[in-house]
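Okay, so here's the structure we're looking at.
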Ligand SMILES: NC(=O)c1ccc[n+]([C@@H]2O[C@H](COP(=O)([O-])OP(=O)(O)OC[C@H]3O[C@@H](n4cnc5c(N)ncnc54)[C@H](O)[C@@H]3O)[C@@H](O)[C@H]2O)c1
Ligand SMILES: N[C@H](C(=O)O)[C@H](O)COP(=O)(O)O
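Numbering (our numbering), first residue to last: 1 to 338.
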């Protein structure tokens, strides 16, 4: 069977991206399940391979990797030719930020045209992306715009816990205004639909409260009773297996022991703290709701480690593997085998 092509975006070339890509591509668990195509910068990738200490050869391609990739070869579509100054570890310039953007846009276009089966992203610096003239809070929002998707969900997934976010990259002070009936309902429904589609299981979903103790009958806020409870009830009416709002302080304990398949959370740190506590090494960030498949590492650019060779590539391996699994599910669905 010809393996699906997964576009792997380099992320910030001055962070740990190139190194973790090199480490991941040296893993048989990655090489045997897909044909990786790296989108990035040649000098940065050469440096990443050297730092990772891997015996890999870099080959530029103008289109795609061959149907039978050569062992030990990394296929690269060279999308930038950054200078030494642009590649200084931990110091991305505006040109570096613009390059990160171009890697992502190219991968999204390749996915949309069906040229590649999925994309897996290495970490970017959102600040550098913005300095490069691209005003997005992260990959998720950029990909939603590029694919014309109104209802999208950031999910971070590990074997013990999966969290899906109602609000993503927002100032905490804005969160209460952004937790609306429509947004909570849409997050529950997209999570239910895409988990059933790609992970072959109708999920049992728990929904967190926003306030301590679910607002304690209005003493600590009204959002839980007035917004979240009706949204969960409507999701259930539409056939979703959901429960909530449940107090966030205890909910993750039950979810991590297996009572729920996913937890819909109201804001970024509410969901990502427990997720990263359990799964920082091997978690995957997956964007649900898009017409394309996108996975990512669950960590950032780790500038403190860039260039040391100490970065852990397990999340990158997991992200590429999940993208390949999802691509295969989708291929089987498209030819009517599921
Ligand atoms: N998927 C993404 O693109 C993504 C995800 C998270 C953060 N970011 C961005 O990354 C930048 C830095 O963010 P941060 O400092 O909050 O988080 P970070 O994840 O980069 O670093 C937090 C800590 O985790 C460690 N760490 C991170 N990745 C590691 C790895 N692979 N192996 C071993 N240790 C690792 C770092 O050394 C650091 O001590 C920010 O610009 C942020 O927006 C990007
Ligand atoms: N919120 C994510 C995390 O903390 O891991 C991260 O910032 C990545 O976001 P994008 O996938 O939207 O870049």
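For glycine and all other residues, C-beta sits at the position ideal for the given N, C-alpha and C.
Which of the three DSSP states is assigned to residue i in this structure?
i           : result
residue 287 : strand
residue 68  : coil
residue 115 : coil
residue 1   : coil
residue 82  : coil
residue 311 : coil
residue 184 : helix
residue 321 : helix
As a quick exercise: from the options, pick the residue whose alpha carbon is nearest that of residue i.
i           : options            : result
residue 20  : 136, 317, 113, 261 : 317
residue 312 : 283, 182, 334, 288 : 283
residue 4   : 102, 130, 211, 31  : 31
residue 77  : 27, 157, 258, 9    : 9
residue 157 : 194, 172, 231      : 194
residue 307 : 45, 7, 275         : 45
residue 309 : 12, 1, 22          : 22
residue 213 : 113, 62, 223       : 223
residue 124 : 43, 28, 297, 81    : 297
residue 190 : 100, 289, 136, 147 : 289
residue 87  : 28, 126, 148, 16   : 16
residue 93  : 179, 319, 14       : 14
residue 207 : 260, 177, 169, 172 : 260
residue 111 : 7, 25, 54, 192     : 7
residue 301 : 73, 54, 250, 91    : 91
residue 258 : 28, 141, 11, 159   : 159
residue 11  : 101, 268, 141, 109 : 101
Around the C-beta of residue i, are 16 or more other C-beta atoms found within 10 angstroms, so that it is buried, or is it exposed?
i           : result
residue 277 : exposed
residue 200 : exposed
residue 327 : buried
residue 154 : buried
residue 162 : buried
residue 244 : buried
residue 40  : buried
residue 51  : buried
residue 192 : buried
Measure the CB-CB distance between residue i and residue j and report whether it falls below 9 angstroms.
i           : j           : result
residue 242 : residue 266 : no
residue 96  : residue 132 : yes
residue 215 : residue 225 : yes
residue 37  : residue 49  : no
residue 35  : residue 69  : yes
residue 121 : residue 139 : yes
residue 129 : residue 287 : no
residue 293 : residue 198 : yes
residue 118 : residue 255 : no
residue 64  : residue 2   : no
residue 252 : residue 263 : yes
residue 43  : residue 81  : yes
residue 187 : residue 291 : no
residue 196 : residue 202 : yes
Under 8 angstroms from any heavy atom of ligand 2, does the C-beta of residue i make it?
i           : result
residue 156 : yes
residue 298 : yes
residue 272 : yes
residue 13  : no
residue 312 : no
residue 309 : no
Return yes when at least one heavy atom of ligand 1 lies under 8 angstroms from the C-beta of residue i, else no.
i           : result
residue 153 : no
residue 108 : no
residue 260 : no
residue 279 : no
Would you verify that the beta carbon of residue i is, or is not, closer than 9 angstroms to some beta carbon of chain D?
i           : result
residue 306 : Going by chain labels, chain D is absent from the structure shown, which holds only one protein chain.
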